[in-house]
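The block underneath contains the structure these notes are about, expressed in structure tokens.
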Amino acid sequence: MLLHNEELWLLLFPVMIIIELPLYLLVLTGIFRWSYDQEDVELTQFPSISFVITCYGEGDAIGITVDTLVEQVYPGHIEILAVVDGAVQNQDTYQAALNGELRHAGVRNRKVRVIPKWQRGGRVSTLNAGLSVAQGEIVINVDGDTSFDNDMVFTMMKQFTSKDVIASGGALRVRNHDANILTKMQSLEYMLSMQAGKTGMAKWGVLNNISGAFGAFRKNLLKQVGGWDTHTAEDLDLTMRLKQYKRRYPNNKLAFATHAIGHTDVPDTLKGLVMQRLRWDGDLLFLFLRKHNEGLSPSLLGWGNFLFTLAYGVVQNVL
449 MLLHNEELWL
459 LLFPVMIIIE
469 LPLYLLVLTG
479 IFRWSYDQED
489 VELTQFPSIS
499 FVITCYGEGD
509 AIGITVDTLV
519 EQVYPGHIEI
529 LAVVDGAVQN
539 QDTYQAALNG
549 ELRHAGVRNR
559 KVRVIPKWQR
569 GGRVSTLNAG
579 LSVAQGEIVI
589 NVDGDTSFDN
599 DMVFTMMKQF
609 TSKDVIASGG
619 ALRVRNHDAN
629 ILTKMQSLEY
639 MLSMQAGKTG
649 MAKWGVLNNI
659 SGAFGAFRKN
669 LLKQVGGWDT
679 HTAEDLDLTM
689 RLKQYKRRYP
699 NNKLAFATHA
709 IGHTDVPDTL
719 KGLVMQRLRW
729 DGDLLFLFLR
739 KHNEGLSPSL
749 LGWGNFLFTL
759 AYGVVQNVL
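Going left to right, the sequence shown walks through residues 449 to 767 as the numbering used here numbers them.
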């Protein structure tokens, strides 16, 4: 016999209190700490930057991404690597990237380079192809359909003034929020869950993930841990390996640049949204229960990250 609504509520309410309330408290107190500890960091050094743009099927939108990276108000050198996966099939995207390269040729302290991968190899091979030729001290991976505020790099680099910071996530907002009620709801979710949530988690040292759409890394360390690995959820896989590395070097930190803003498009249909979230949840469970089942331990992650990942990476998604 199916449970009545009242019985279902009585069953789920304790679970919600036990699982959700600690997360809300952790995030809120982390945000308060972040707000209290904020100080104006002055940049005196400007490390070179390499952007690795994963391009596949974006068409003319890739030009907008390139433009927003070239137009950054950062005085240091910026290298923009547009890696086009399956360039034979994706001629529109390839040509749009080449046009961006020509359009910005000769711009001071900016270099746009298009790297065609004629055979499609997937997202991970695209990222690693860019990493293999990147010249910058800091590597920032971005999606081909994501644009950025012009102070993004300047703001992101403030995180790396501390030698202890080995990687940092950036904040993503919804670019097509005006499309319909579904995109408006996702816009609110991105600000509350992803931007505010990661701000609070990072302050307590339990940042859950550095997004594959927008993340910055010290290049030498990124190569040291092997770059991006195959299978799904390559961003979460890399975050897990960085946490395991950090366990051996406790002073290292994974940061989150709250005011470094990128803008991306989200699904504008219910079917598209459901498929996206099913894919995300499936990737999480595969990663935690199959690929990192032995690495999900206090000895490799530390007790804080172990308990947080167990509760909010595994148990919460199962429920």
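For each residue, glycine too, the CB sits at the ideal point set by N, CA and C.
DSSP places I658 outside both helix and strand once states are collapsed to three, so it counts as coil. For P715, no beta strand (DSSP E) run applies, since DSSP gives it neither H nor E. The beta carbon of G752 sits closer than 8 angstroms to those of W652, G653, V654, all from its chain and outside the five residues before and after it, given in chain order. With respect to N657, T687 sits close: the two C-beta atoms are nearer than 8 angstroms. Pairing P746 with N557, the inter-Cα distance amounts to about 44 angstroms. Boundaries of the beta strand (DSSP E) around A619: 613-622. DSSP places A530 inside the beta strand (DSSP E), whose first and last residues are 526-533. Counted as a single uninterrupted DSSP element, the alpha helix (DSSP H) harbouring F754 occupies residues 751-757. Here I563 is bridged, per DSSP, to V531. The Cβ-Cβ distance between V521 and A545 does not fall below 8 angstroms. Between T706 and the set E527, A664, D683, L758, the nearest pair of CA atoms involves A664.
If you draw a 10 Å sphere on the C-beta of P698, you find fewer than 16 other C-beta atoms in it, and that means exposed. With contacts defined as CB atoms closer than 8 angstroms, F494 and E527 fail to qualify as a contacting pair. Residue state for D591 is assigned as strand, using DSSP reduced to three classes. For T502, the enclosing beta strand (DSSP E) stretches over residues 497-503.
Counting along the chain, no alpha helix (DSSP H) covers M642, and no H or E run does either.
Looking at the backbone, the Cα of L737 and that of M723 are separated by about 21 angstroms. C-alpha of G730 to C-alpha of T757: approximately 16 angstroms in a straight line. Taking a C-beta distance under 8 angstroms as the contact criterion, D713 and R623 qualify as a contact pair. Under DSSP, A664 takes part in a beta bridge, and its partners are I588, S616. According to DSSP, residue pairing for G710 in a beta bridge involves F596, L620. Contact between the region 585-604 and the region 504-523 is present: 3 or more CB-CB pairs across the two stretches fall below 8 angstroms. Between A681 and D591, the C-beta spacing is not below 8 angstroms.
R558 is bridged by DSSP to I526.
Between the beta-carbon of T609 and that of L491 there is about 7 angstroms, and that keeps the pair under the 8 angstroms contact cut. Here the alpha carbon of Y542 sits roughly 40 angstroms from the alpha carbon of D488. Around the beta carbon of Y638, 16 or more other beta carbons lie within 10 angstroms, which makes this residue buried.
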